[in-house]
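Participant:
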């Protein structure tokens, strides 16, 4: 599925968050959404998922609006992993992951073998199979995030949108999660993740979209987006750069005077 935004704007109360955003999310690419706090990353992700209405402009899914596509079809096509999904019942982790199969089941449909198989694949992929019988409320933040990611993967949708999927994970599981998302894109999925770790973004993503100043400051391959000028303008930081095993890394090194950013012209 190809998701496009057309002159998209978003507001929160009286505040304008995003203005005139034009993007296309393509299958087969891992895209990182980066930018300072309050730049509109979560807002944009929710708009891409069809979970929020823009103040102006529109989002299309293979050329059709959300209303034209239909909520059920969108639920099968787009898996959405929120920053912190509340769980209001004492569910076992396996039961929570099984909820990812709801778009594939009828109102009175039972659990099919395909649903069970998808759940098993998702639990194994996220290293969460040993958590299946745990009550979700007893899980640590990292364990909970892996189970929620498994729920999103169990949908087996062609698009995966994840809001800060590595924020609560330890370093080993951060690397595993990023590799998992990259591999999903290699298999043809369109993957978009909100990220704060610039080294993980540079190392694993095919494309980065840097939001700042109410719009898209930069969009393209990591090496073109993560320039000193862009990082100064958006985050107000200088970075220390290096390379390990042929792959780049960059560490935020010190703060600079207040940034001023000008979104790039689409």
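Residue numbers (full-length UniProt numbering): 1 to 266.
We put the beta carbon where it would ideally sit given N, CA and C, even for glycine.
Measure how close the beta-carbons of residue 55 and residue 7 come, nearest whole angstrom, since I'm counting them as under 8 Å.
Facilitator: Wrong, their Cβ atoms sit about 11 Å apart, outside the cutoff.
Participant: List the DSSP bridge partners of residue 240.
Facilitator: 251
Participant: Compare the C-alpha of residue 63 against each of 115, 3, 79 and name the closest.
Facilitator: 3
Participant: Residue 234 lies in the alpha helix (DSSP H); which residues open and close that run?
Facilitator: 228–234
Participant: What three-state label does DSSP hand residue 44 in the structure shown?
Facilitator: helix
Participant: Using DSSP bridges, identify the partner residues of residue 6.
Facilitator: Looking at the DSSP output, residue 6 bridges to 58.
Participant: Can you tell me the Cα-Cα spacing of residue 203 and residue 155, whole angstroms?
Facilitator: Spanning the alpha carbons of residue 203 and residue 155 requires a straight line of approximately 27 Å.
Participant: What did DSSP end up calling residue 39 once you bin it into helix, strand or coil?
Facilitator: coil
Participant: Verify whether the separation of the beta carbon atoms of residue 123 and residue 129 is less than 8 Å.
Facilitator: yes
Participant: What's the gap between the Cα of residue 138 and the Cα of residue 131?
Facilitator: 10 Å
Participant: DSSP beta-bridge partners for residue 30?
Facilitator: Partner(s): 191.
Participant: If we count the other Cβ atoms within 10 Å of its Cβ and call it buried at 16 or more, is residue 65 buried or exposed?
Facilitator: exposed
Participant: Return helix, strand or coil for residue 65, following the three-state DSSP convention.
Facilitator: coil
Participant: With DSSP as the reference, identify every bridge partner of residue 212, one or two as the case may be.
Facilitator: 215
Participant: Helix or strand or just coil, what does DSSP make of residue 166?
Facilitator: Coil.
Participant: Per the DSSP calculation, residue 161 is bridged to which residue(s)?
Facilitator: 80, 192
Participant: Using a 10 Å radius around the Cβ and a threshold of 16 neighbouring Cβ atoms, would you call residue 322 buried or exposed?
Facilitator: The question about residue 322 has no answer here: the residues shown for the chain are numbered 1 through 266.
Participant: At what residue ranges does the region 96–164 contain a whole run of the alpha helix (DSSP H), taking only runs of 4 or more?
Facilitator: 113–125, 141–154
Participant: Looking at residue 50 and residue 17, is the spacing between their C-beta atoms short of 8 Å?
Facilitator: Result no, Cβ atoms of residue 17 and residue 50 do not sit closer than 8 Å.
Participant: Using the beta-carbon count (16 or more within 10 Å), is residue 34 buried or exposed?
Facilitator: Buried: at least 16 other Cβ atoms inside 10 Å.
Participant: Since residue 134 and residue 95 should fall inside the 8 Å C-beta cutoff, what is the C-beta to C-beta distance between them, to a whole number of angstroms?
Facilitator: Contact flag wrong, Cβ pair sits at about 11 Å.
Participant: Rounded to whole angstroms, what is the Cα-Cα separation between residue 176 and residue 152?
Facilitator: 16 Å
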